[in-house]
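The numbers in the sequence shown follow the working numbering, run straight up by one, and end at 316.
Data block below; observations after.
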Amino acid sequence: MLPASVNVSGADSPAGASSNRSALSAGPPLRHKPPDCSALGSPRIFPGTRYVFCVLAQRARGLLIGVDLCPGKVCSFRCVYCQADRSHPEAENRVELEVMAAELRRVLDLAFEDRLVTLGDFAHVPAEWLQLKQVALAGDGEPTFCSNFSETVQAVVHVRAQGTYPFFKIMLVTNGSGLHLPEVERGLAKLNSRDEVWIKLDAGTQACMQRINRTRVKYQRILDNIAQLATHRPVVIQSLFPRVHGQEPPPDEIAAYIRQLLRLKSQGAQIAQVQVFSTHKPSKINGCSHLTLRSLSLIARRVREETGLTVDVF
Ligand code: SF4
C-alpha cells in the first residue's frame with residue numbers, strides 16, 4: 003500500500019505529464035493521459051512518452067513500467083468499473099516498435115539510475131517505491147488484440163536480452179479473451195518462465211460476467227483460455243468485485259466463482275495467486291462503487307479456505 007505521506011495527487015494529470023516532457027522528449031505525438039485499466043492500480047505517469055508509462059502499483063508492491071499495447075483502445079469487455087479513456091483512439095491498434103523500444107530504454111535508464119525522482123510527480127515518493135518490479139504489457143484496452151502483439155513482446159524481450167539493465171520480469175495483464183489467438187500464442191512463447199501473466203476473472207457464471215464485464219465473449223472461452231495457458235505456466239488471477247447499485251456480490255455468485263477456480267485446479271491449472279480487490283473510483287453512470295475492505299477480506303478468506311490457493315486482498 004502507498005505510504006500515506008506520499009504526494010502523488012497530480013500524477014495522472016495532463017499537466018503532470020506535460021511538465022515532464024522535457025526530461026524525456028520524444029519525436030512522435032505524446033499521450034495526454036495514461037492508460038487507466040483497473041488491473042494495475044494508480045496513480046500513473048506518462049513521462050512525456052507515447053507508449054511507456056509508470057505506475058506505483060500496490061499489486062506489484064512497487065514501480066511498474068507499463069507498455070501500452072492498446073493505442074487503438076480496443077477491448078472485448080466493457081466492464082462496469084472501467085476507467086479507460088477511449089476518447090483519442092489511434093487509427094491502428096499496433097505499436098511502433100522502434101518508438102516504443104526507445105522510450106522503454108529511456109525510462110529504464112531513469113529507473114535504474116535512480117533518476118525517476120527528477121520527474122515532478124515522483125519527487126516525494128520514497129526510494130523503495132521507485133524500485134522497478136516489472137515491465138507490464140497493458141493499456142486502455144485488451145493488450146492481446148494489439149495487431150503486432152508478438153513483435154511487441156519480442157521487442158521488449160530484446161531490450162531485456164541486451165543485458166544493459168539488471169534482469170526485470172515482464173508481465174502481461176489481460177482479460178483472457180484473446181489468449182487463444184495464434185498471434186498471442188506466438189508472443190507468449192517469447193516470455194520466459196519467470197515472466198507472469200495476470201488474467202482477469204471477475205465472475206463465476208456467464209450471467210455474472212455479462213453483468214460485470216458486459217461482453218459477448220463466452221465465459222467458457224475465458225475458462226478454456228486460462229486452463230490452456232495455466233497448464234503450461236503459472237498465472238495470477240485478478241478478480242475485481244464491485245458493489246453495483248448498492249448491492250454486494252451475492253453469496254451464490256461467490257460460490258460459483260469458487261467452483262470455477264476449483265475446476266481450473268482440477269484441470270491442472272497452476273494458479274500462483276488470486277488477487278481480490280475492488281474498483282478505485284466510483285462510476286455514477288454504471289452505479290458501480292468500491293466494496294469495503296471487510297467484504298473483500300471475507301471473500302478472500304472463503305476463496306482461500308475452499309480452494310487452498312494463495313489469495314491476497316488489495
Ligand atoms: S478489460 Fe477492458 S473494459 Fe475491462 S477494465 Fe480492462 S480495459 Fe476496461
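Here a beta-carbon is modelled for each residue, glycine too, at the ideal position from N, C-alpha and C.
### Query
Are residue 275 and residue 232 closer than 8 Å when you measure CB to CB?
The Cβ-Cβ distance between residue 275 and residue 232 does not fall below 8 Å.
#### Entry: Option in 88, 102, 72 and 80 with minimal Cα separation from residue 157
Residue 157 has its Cα closest to that of 102, out of 88, 102, 72 and 80.
### Query
Can you give the Cα-Cα distance for residue 95 and residue 143, rounded to whole angstroms?
In a straight line, the C-alpha of residue 95 is about 10 Å away from that of residue 143.
### Query
Which runs of the alpha helix (DSSP H) fall wholly inside the region 225-293 and span at least 4 residues, in chain order?
Entirely contained in the region 225-293, the alpha helix (DSSP H) runs reaching 4 residues are, in chain order, 253-268.
### Whole-Å CB distance - residue 238 paired with residue 198, under 8 Å assumed
The beta-carbon separation of residue 238 and residue 198, rounded to 6 Å, stays under the 8 Å limit for a contact.
### Task
Return yes when the C-beta of residue 142 is under 7 Å from any heavy atom of the ligand SF4, and no when it is not.
At least one heavy atom of the ligand SF4 lies less than 7 Å from the C-beta of residue 142.
### Query
Between which two residues does the alpha helix (DSSP H) carrying residue 103 extend?
Here the alpha helix (DSSP H) through residue 103 covers 99-114.
### Task
For the region 218-231 and the region 48-64, state whether three or more C-beta atom pairs, one from each stretch, are separated by less than 8 Å.
Contact check between the region 218-231 and the region 48-64: fewer than three CB pairs, one atom from each, fall below 8 Å, which does not count as touching.
### Query
Using the C-alpha atoms, what's the distance from residue 282 back to residue 160?
Spanning the two alpha carbons is a distance of roughly 34 Å.
### Query
With burial defined as no fewer than 16 other Cβ atoms inside 10 Å of the residue's Cβ, what is the status of residue 152: buried or exposed?
Answer is buried; the Cβ neighbour count reaches 16.
### Query
So, helix, strand or coil for residue 207, using DSSP?
If DSSP states are grouped into helix, strand and coil, residue 207 belongs with coil.
### Task
Return yes when at least one heavy atom of the ligand SF4 lies under 7 Å from the C-beta of residue 170, else no.
Between the ligand SF4 and the CB of residue 170, the shortest heavy atom gap is not smaller than 7 Å.
### Message
Only counting the same chain, and skipping five residues up and downstream in sequence, which positions put a Cβ closer than 7 Å to that of residue 313?
### Response
Around residue 313: 276, 278, 302, 305 and 306.
### Message
Output needed for residue 111: all residues of its chain with C-beta closer than 8 Å, excluding positions within five of it in sequence on either side, in chain order.
### Response
Once the five neighbours on either side are set aside, the close Cβ partners of residue 111 are 117.
### Query
For residue 236, which residues from the same chain have a beta carbon less than 6 Å from its beta carbon, with the 5 sequence-adjacent residues on both sides left out?
The beta carbon of residue 236 sits closer than 6 Å to those of 272 and 274, all from its chain and outside the five residues before and after it, given in chain order.
### Task
Decide if residue 52 is buried, meaning its Cβ has at least 16 other Cβ atoms within 10 Å, or exposed.
Classification for residue 52: buried.
### Message
Using 8 Å as the threshold, is the C-beta distance between residue 82 and residue 246 below it?
### Response
Yes, these two residues count as a Cβ contact at 8 Å.
### Query
Start and end of the alpha helix (DSSP H) containing residue 305?
295-309 is the extent of the alpha helix (DSSP H) around residue 305.
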